[in-house]
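Taking this note's numbering, the leading residue of the sequence shown gets 46, the next gets one more, and so forth. Quick reminder that beta carbons are idealized off the backbone N, C-alpha and C, glycines included. Keep in mind that this is a model prediction, so the values were computed, not measured. Presented below is the structure to which this report refers.
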Amino acid sequence: MPISKSNADSPAARLRPPASRHAEGAVPAAARWFGHALAVGMLAALVFGQTACGYDDTAPDIAAEASSDGNEDSNTPAETSDDDAAIEDNNPDATEGESDGDDAGDIGPTDDDSSDDDTSDDDTSDDDAADDDTGEEEPTPVPVFDDPALMVEQQPGRVWACEYTCGCDGDYYAAMDQLTDPTQPGFDVVDWRDNVRDDTFVLPGFESALEFSSRIENLLSFSVDEALTEPTHVAVVEETTLDGGIKERVLLISNARLGEFRARVLIPAAPGPWPVMLAIPGHGVDTDEQFLFEQNGARYARDGYLIGALSLRVMCGDETEGQLSSALIAGGSSLAEVQMEEALQLYRYLRTMDGADFERVGLIAHSGGSAPAMLLSWAAPDLFDAVLVDNYTTFGEFTLNGDPLNETVPKFYAYHDCVYSMDKALVPTHLVPYGDFDKESAAEFFDRQLRS
């Protein structure tokens, strides 16, 4: 059972940034919610009616604009992306329409000018000193975060045992008993795909965003709070300086549940403090390098963001991913949930770095990484200040061969409309067209949220 976020005396509560950055108080705990997605949806329809996710609508529904018929025909094939070429998109129009989600939750610049206009009249200082004053203030140092359960060691030259990320599933199977949760609903994914998915009623509403956040967290196969305090080892195996003075740092992160995985951090050339960016890439091989360099996620480091990206294992849209996903789903979990845990371990490392400003944290995701990112934004909204994704998922996606993916999460299928109701999210969240996570519109969104 996840630890209640309202327990301010818990170790995890002390480790988290203040929840009040997004809402009054912390997210209350809700009763664990079980059962088949179909039964849940039907019950919700009777109780709540056909409301637009049950919120007080004060802005247009971004997800609805981006996917006008996102839950009407989940079997309609769509265009596939470069790194998800074999993946079936059950919401063909969802990422095609660009919407302006910046109005929902964007924080405009504030007027911090509290200077006394009369001070210039009272100035008796040396004129030369005044002439030398450029008006630029030195960056204010930020405290270094102490994570006693995170051990960081310098191990230059150490090599990751995973030679080909598409096939690195051994650690997952070795820890399958820990990664699955028999108290959560499990599914025979083939039966669900063929006989249940298309008849599942998509939940239209609930009382509040806070309750929905708690419900999502309670359906996870792991505890967010425990993931933030679990003993974890980080080996810094390589550090190089790139063009422009950016430092690249390669990490091997490991713990008892997740085994070992790689991550890559880019440190800006300019002195900190820096806003922080946590990146969850899409399908591919060596996804940390792919996201940062092939897909230009490194632009954020050039713009002065401290950014870290995961090298996701078993993310190639093939039979290996399908078999692992099937095993996790049968046990009440999913590959997306495991990737959420991995993202939280990289988050822990980033917040311990000198110069990291964890009052300004962004979560960014591409393609298949959008599924764990959106769930994480609801399950742990107090960890982030801005979220941007470029893919709409129903949590019912399969490959063209019928294999499940990291985006296949049957227990969340009935909630996908509400998960993507971005104008109602607890964290300012934006959906950009597919592949535009590194474009100007995305960078401007983060600048408004994290630098204004």
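* In its own chain, which residues sit with a C-beta less than 8 Å from the C-beta of residue 223, not counting the 5 before and 5 after it? -> 301 and 302.
* Asked: Is it right to say residue 404 is buried, meaning 16 or more other beta carbons lie within 10 angstroms of its own, or is it exposed?
  -> Looking at its Cβ environment, which holds fewer than 16 other Cβ atoms inside 10 Å, residue 404 is exposed.
* Okay, do the region 252-261 and the region 372-386 touch, 3+ Cβ pairs below 8 Å being the bar? -> Taking a cut-off of 8 Å for Cβ pairs, the region 252-261 and the region 372-386 do not touch, as fewer than three such pairs fall below it.
* Does the Cβ of residue 206 have 16 or more other Cβ atoms within 10 Å, making it buried, or fewer, making it exposed? -> Residue 206 sits exposed, since fewer than 16 C-beta atoms from the chains shown fall within 10 Å of its C-beta.
* To do: Put residue 400 into one of helix, strand or coil per three-state DSSP.
  => In the structure shown, residue 400 sits in coil (DSSP, three-state: anything other than H, G, I, E or B).
* Can you list, in chain order, the residues of its chain whose CB lies under 7 Å from that of residue 154, leaving out five sequence neighbours each side? -> Residue placement at residue 154 is flagged as unreliable, the pLDDT there being 35, under the threshold of 50; a coordinate-derived value is accordingly withheld.
* Cα-Cα separation between residue 379 and residue 316, rounded to whole angstroms -> Those two C-alpha atoms are separated by around 39 Å.
* To do: Would you kindly work out how many angstroms separate the C-alpha atoms of residue 455 and residue 394, rounded to a whole number?
  => Cα to Cα, residue 455 sits roughly 31 Å from residue 394.
* Residues that DSSP places opposite residue 461 in a beta bridge -> Residue 461 pairs with nothing; no bridge assigned.
* Is DSSP giving residue 341 helix, strand or coil here? -> DSSP, reduced to helix, strand and coil, places residue 341 outside both helices and strands of the structure shown, so it counts as coil.
* Asked: Terminal residues of the continuous beta strand (DSSP E) containing residue 319?
  -> That run of the beta strand (DSSP E) goes 319-325.
* Of the listed residues 441, 449, 356 and 307, nearest to residue 281 (C-alpha basis) -> For the residues 441, 449, 356 and 307, the minimum Cα distance to residue 281 belongs to 307.
* To do: Would you check if the distance between the CB atom of residue 346 and the CB atom of residue 414 is smaller than 9 Å?
  => In this structure, residue 414 does not lie closer than 9 Å to residue 346 by Cβ.
* Determine the contact status of residue 407 and residue 494, defining contact as a CB-CB distance below 9 Å. => For residue 407 and residue 494, yes; Cβs fall inside 9 Å.
* Ordered along the chain, which non-local residues of its own chain (more than five positions away) have a Cβ less than 6 Å from that of residue 190? -> Within the same chain, residue 190 has close Cβ partners 396 and 397.
* Asked: So what's residue 484 in DSSP terms, helix, strand or just coil?
  -> In the structure shown, residue 484 sits in coil (DSSP, three-state: anything other than H, G, I, E or B).
* Kindly identify the DSSP beta-bridge partner or partners of residue 300. => Beta-bridge analysis with DSSP links residue 300 to 304.
* From the DSSP output, in three-state form, read off residue 388 for me. => Three-state result, residue 388: helix.
* Nearest neighbour of residue 337, chosen from 390, 319, 309 and 246 [CA to CA] -> Answer by Cα proximity: 309.
* To do: Check each candidate in 265, 466, 296 and 492 and name the one with the smallest Cα separation from residue 386.
  => With distances taken between Cα atoms, residue 386 lies closest to 265.
* Would you call the CB atoms of residue 377 and residue 235 closer than 9 Å? -> Not a contact, by the Cβ cut-off of 9 Å.
* To do: Put residue 490 into one of helix, strand or coil per three-state DSSP.
  => Here residue 490 sits in helix by DSSP.
* What are the boundary residues of the beta strand (DSSP E) that residue 195 is part of? -> That run of the beta strand (DSSP E) goes 195-199.
* Output the distance between the C-alpha atoms of residue 210 and residue 231, rounded to the nearest integer angstrom. => When rounded, the distance between both Cα atoms is 26 Å.
* Is the Cβ-Cβ distance between residue 203 and residue 297 less than 9 Å? -> In this structure, residue 297 lies closer than 9 Å to residue 203 by Cβ.
* Three-state secondary structure (DSSP) of residue 503 -> With the chain running from 46 to 497 in the structure shown, residue 503 is simply not present.
* residue 356 in three-state terms, based on DSSP -> Of the three classes helix, strand and coil, the one that applies to residue 356 here is strand, per DSSP.
* To do: Please list, in chain order, all residues of the same chain as residue 192 whose beta carbon is under 6 Å from its beta carbon, the five residues on each side excluded.
  => In chain order, 393 and 397 place their CB closer than 6 Å to the CB of residue 192, counting only its own chain and leaving out the 5 sequence neighbours on each side.
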